[in-house]
Amino acid sequence: MAEKIVSILTDRSKKLGTGHFQRMLNLLRFLNIQKGIKAFLVKNNKNHIPPGLEQYIIEGVHPKSDLIIRDMRDSHINDIVSLRKISKVLVIDDCGSGRDKADYVIDLLPNTHRDFDKNEYTLEHFIYGFNFSNSIINEKEVFYNKTVDIAFYPGFESSREYIEEIMQYFPEGTRTVLLSGTENYYSTGGQKEKITDKSYSEILLSSKCVAAHFGITLFEAQLCRCRIITINPTDYHNKITSIAEGFIDIINLGKPENLDIKIVKPLISKEINKSHNIRVSCEDVYRTIQKRLFSFYELLLKMISE
């Protein structure tokens, strides 16, 4: 039987963040090692594409696509109508006007769309980011102890001023890792030290707490059994976090301008202390990632065959 062709549309930007792009890279890698599907990522250059995936980059939607996946959040009606002239369309986490025009809709993350049903939401098909998933494969330890107090992800291209503003709320003397995309740093007592011997997944596996705004980082942290603290830059992020609280254990501190240092520092210290004796099985994490990817793959095969 001829392989079915899947075209993936996604992006990374200040507005979108990196989560959509990261999870579609992971899906691209996974689909191309499974039977029955040939997947391509639509992109006009190969910037930020990991080694080994360059061969799957194309500049436009494949004209013989059996399914088009659009993971770019808010679509317009015309976006989806144009894509449906080529093939069936699956939209992911789409709250735009084009959502209703798509053939299929999946909410991998909780969202604010009127059709999102929290009673039906499940992590069964959840896709974790490429950097997290790919580095898990190469981890050397069977179990990880929690040796890092806080792993802090400030968001895509956050300013130094914002990072320093948030880190003042961390208790004195905490061993913090600053997650900044391509490079990660230890930060203790105002001193930064570049991390060269630990992958992104190893940092999460070793962290007691993860502080971040809403996004897939929270779900990767949950899988690594971290305590989760959210500091959200916008009301939009805050609203989605409040929805997500029904599915993962989150301490939502709200927006930075509303933080009270006398309340926040002791709260974060308490969360750190809850994680002292936790050990995480790398094998269990890897197995969950693969199980959910395979579940998504089976879902795609069903869509294509209909």
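Residue numbering for the sequence shown follows our numbering, beginning at 1 and increasing consecutively. By construction, the Cβ of each residue, glycine as well, lies at the ideal position given by its N, Cα and C atoms. The structure presented is a predicted model; accordingly, all values stated were derived computationally and were not measured.
CA-to-CA distance, residue j to residue i, given in whole angstroms
{"i": "Val264", "j": "Phe170", "result": "8 Å"}
{"i": "Val285", "j": "Tyr162", "result": "32 Å"}
{"i": "Ile234", "j": "Lys255", "result": "Inspection of the sequence shows that residue 234 is occupied by Thr rather than by Ile. Spanning the two alpha carbons is a distance of roughly 7 Å."}
{"i": "Tyr153", "j": "Ser180", "result": "7 Å"}
{"i": "Leu27", "j": "Arg160", "result": "32 Å"}
{"i": "Ser13", "j": "Thr147", "result": "32 Å"}
{"i": "Tyr200", "j": "Asn131", "result": "7 Å"}
{"i": "Lys38", "j": "Asn32", "result": "6 Å"}
{"i": "Leu253", "j": "Glu164", "result": "17 Å"}
{"i": "Glu202", "j": "Ile86", "result": "41 Å"}
{"i": "Pro266", "j": "Asn232", "result": "19 Å"}
{"i": "Glu257", "j": "Phe219", "result": "25 Å"}
{"i": "Asp249", "j": "Leu259", "result": "20 Å"}
{"i": "Glu306", "j": "Lys274", "result": "48 Å"}
{"i": "Arg367", "j": "Ile278", "result": "Not covered by the structure: residue 367. The range shown for the chain is 1 to 306."}
{"i": "Glu183", "j": "Arg29", "result": "22 Å"}
{"i": "Val42", "j": "Glu172", "result": "46 Å"}
Closest by C-alpha distance to residue i, when choosing among the options
{"i": "Asp107", "options": "Arg73, Asn131 and Ile77", "result": "Arg73"}
{"i": "Glu3", "options": "Leu28, Lys35, Thr18 and Asp79", "result": "Lys35"}
{"i": "Ser281", "options": "Phe143, Lys118 and Ile248", "result": "Phe143"}
{"i": "His276", "options": "Asn138, Ala211, Leu67 and Ser206", "result": "Ser206"}
{"i": "Arg99", "options": "Phe116, Ile86 and Asn47", "result": "Phe116"}
{"i": "Asp94", "options": "Lys85, Arg84, Ile86 and Val105", "result": "Val105"}
{"i": "Asn145", "options": "Asp197, Ile86 and Cys224", "result": "Cys224"}
{"i": "Asp197", "options": "Leu253, Glu139, Ala211 and Glu164", "result": "Glu139"}
{"i": "Ile92", "options": "His48, Asn232 and Leu300", "result": "Leu300"}
{"i": "Ala244", "options": "Arg29, Gln22 and Lys118", "result": "Lys118"}
{"i": "Phe126", "options": "Arg287, Arg114 and Leu259", "result": "Arg287"}
Sequence-distant residues of the same chain with beta carbon closer than 6 Å to residue i, five excluded per side
{"i": "Gly155", "result": "His213"}
{"i": "His62", "result": "Ile5, Ser7 and Phe40"}
{"i": "Tyr297", "result": "Gln34"}
{"i": "Thr217", "result": "Tyr153"}
{"i": "Lys48", "result": "Note that residue 48 is His in the sequence shown, not Lys. Once the five neighbours on either side are set aside, His48 has no close Cβ partner at all."}
Own chain partners of residue i with C-beta closer than 8 Å, once the 5 adjacent residues on each side are dropped
{"i": "Glu271", "result": "Lys208, Cys209, Arg227, Ile229 and Ile251"}
{"i": "Tyr185", "result": "Val177, Leu178, Lys192, Glu193, Lys194 and Ile195"}
{"i": "Glu54", "result": "Lys46"}
{"i": "Glu283", "result": "Val142"}
{"i": "Asp11", "result": "His20, Phe21 and Met72"}
{"i": "Ile166", "result": "Phe152, Pro154, Ala211, Ile231 and Pro256"}
Neighbourhood of residue i by C-beta, 7 Å cutoff - its chain only, sequence neighbours within 5 removed
{"i": "Val81", "result": "Lys101"}
{"i": "Ile289", "result": "Tyr128, Ser133 and Ile136"}
{"i": "Gly215", "result": "Gly17 and Gly19"}
{"i": "Glu124", "result": "Arg292 and Ser295"}
{"i": "Glu157", "result": "Lys14"}
{"i": "Ala221", "result": "Leu204, Val210 and Ile228"}
{"i": "Lys64", "result": "Ile5"}
{"i": "Tyr236", "result": "none"}
{"i": "Thr241", "result": "Phe214, Thr230, Asn232, Ile250 and Asn252"}
Cβ-Cβ separation, residue j to residue i (assumed contact under 8 Å), whole Å
{"i": "Thr188", "j": "Ile150", "result": "Not a contact, Cβ separation roughly 11 Å."}
{"i": "Leu109", "j": "Ile69", "result": "Rounded, the Cβ-Cβ distance is 15 Å, inconsistent with contact."}
{"i": "Leu25", "j": "Pro50", "result": "7 Å"}
{"i": "Asn78", "j": "Glu59", "result": "That belief does not hold up - the Cβ atoms of Asn78 and Glu59 are roughly 20 Å apart, past 8 Å."}
Pair within 8 Å by beta-carbon distance, residue i and residue j
{"i": "Lys88", "j": "Asp71", "result": "no"}
{"i": "Lys239", "j": "Thr112", "result": "yes"}
{"i": "Ser75", "j": "Gly96", "result": "yes"}
{"i": "Tyr121", "j": "Phe247", "result": "yes"}
{"i": "Leu83", "j": "Met303", "result": "no"}
{"i": "Ile268", "j": "Gln168", "result": "no"}
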